[in-house]
Amino acid sequence: MFINISFFVQFTLSTLLTQVVSIENFTLRNAVDSSEFSLSEIEQSNAVVVIFTSNYCPYAKLYDRRISSLIDAYRQQNVKFVLINPNNSSQSPEDNPKMMAEKVKDMRWNVPYLIDSKQQVANMFGIQKTPEAFILQKRGDIYQILYRGAIDDNPQVASDVSHHYLKEALDSVIQDKPVLNEITYPTGCIIKK
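Residue numbers for the sequence shown follow numbering that gives the first Met the number 0, beginning at 0 and rising by one.
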């Protein structure tokens, strides 16, 4: 049976493009201090990076240090990071709030790590895997999605990365230039519902 791969890839990307182009404000509980966190709290920024990640996913774990580096690299450029865990901890015990808070401390992430165990926000974004990254910019009452997809093109070996998709997109946004690759396909783990 012949399958037209080019058509399939174009269809998949066009489907992703039509799914979600903007996000409204949302509120979730922060595992770090149990406070409620709203996206609107950080609207005065050049960009907001939202990364859906988890404690259990082997692919997400491979990106922990890269996420740390990105947070550090863009702190002075008024880019805010928000991490969201969409996994149900009854299906994935490593993703319970206590272990999430411990991970933030161990990784020295000074950013919110939000609990989305019912996938309310994950469904708003239309994500299927962790890790998956988004770049948002506030436009009126909504947040426009300027980039969605993979952090880079090599989850397993950081030193062999050829394309730093998230970084390249962020640099374009900061320089007020169009993002060349608005959508990339993330490699990761299916959400534990």
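Just so it is clear, CB atoms sit at the ideal spot from N, CA and C, and this is done for glycine as well.
Rounded C-alpha distance that separates residue i from residue j
{"i": "Glu131", "j": "Gln119", "result": "16 Å"}
{"i": "Val196", "j": "Tyr146", "result": "Within the shown structure, residues of the chain are numbered from 0 to 192, placing residue 196 beyond reach of any answer."}
{"i": "Gln136", "j": "Val19", "result": "14 Å"}
{"i": "Glu42", "j": "Asp71", "result": "19 Å"}
{"i": "Ser161", "j": "Lys128", "result": "22 Å"}
{"i": "Glu181", "j": "His163", "result": "13 Å"}
{"i": "Phe133", "j": "Gly148", "result": "7 Å"}
{"i": "Phe7", "j": "Ile126", "result": "For Phe7, the predicted model reports a pLDDT of 45, less than 50, meaning its position is unreliable and no value from the coordinates is stated."}
{"i": "Thr11", "j": "Asp140", "result": "Low per-residue confidence applies at Thr11: pLDDT is 47, beneath 50, and the placement is therefore not dependable, though the value from the model is reported in the following sentence. Near 29 Å, if we compare the C-alpha coordinates of Asp140 and Thr11."}
{"i": "Asp152", "j": "Leu165", "result": "10 Å"}
{"i": "Ser37", "j": "Ile190", "result": "22 Å"}
{"i": "Glu40", "j": "Lys104", "result": "22 Å"}
{"i": "Ser91", "j": "Lys60", "result": "14 Å"}
{"i": "Tyr55", "j": "Asp94", "result": "6 Å"}
{"i": "Ser116", "j": "Met106", "result": "22 Å"}
{"i": "Gln174", "j": "Asn24", "result": "25 Å"}
{"i": "Ser89", "j": "Phe124", "result": "22 Å"}
{"i": "Lys176", "j": "Ser68", "result": "23 Å"}
{"i": "Pro96", "j": "Arg74", "result": "25 Å"}
{"i": "Thr14", "j": "Cys188", "result": "Summary for Thr14: the model assigns pLDDT 46, below 50, so the residue's position carries little reliability; its value from the coordinates is reported in the next sentence. Their Cα atoms are separated by approximately 20 Å."}
Whether residue i touches residue j by CB criterion (8 Å)
{"i": "Asn45", "j": "Val78", "result": "yes"}
{"i": "Asn122", "j": "Lys192", "result": "no"}
{"i": "Thr52", "j": "Leu82", "result": "yes"}
Cβ distance (whole Å) where residue i is taken to contact residue j below 8 Å
{"i": "Tyr58", "j": "Thr183", "result": "Actually they are not in contact, since the Cβ atoms of Tyr58 and Thr183 sit about 14 Å apart, beyond 8 Å."}
{"i": "Ile114", "j": "Asn84", "result": "6 Å"}
{"i": "Tyr112", "j": "Val47", "result": "Incorrect: roughly 15 Å between the Cβ atoms, too far for contact."}
{"i": "Ile150", "j": "Ile22", "result": "Ile150 to Ile22, Cβ: 19 Å. No contact."}
Minimum Cβ-Cβ distance from residue i to chain B less than 8 Å
{"i": "Ile114", "result": "Absence of chain B from the displayed structure is noted, only one protein chain being present."}
* Count the CB pairs spanning the segment 71-86 and the segment 165-178 that are closer than 8 Å, and state whether there are at least three. => yes
* Asked: Would you say the segment 92-109 touches the segment 24-38, given that touching needs at least three Cβ pairs under 8 Å?
  -> yes
* **Contact the segment 151-159 vs the segment 57-66: 3+ CB pairs below 8 Å** => yes
* Output the residue ranges of the alpha helix (DSSP H) runs that lie fully inside the segment 95-172 and measure 4 residues or longer, sorted by chain position. => 96-106 and 119-124
* To do: Quick one: which unbroken beta strand (DSSP E) runs of 3-plus residues sit fully inside the segment 40-71? Chain order, please.
  => 46-51
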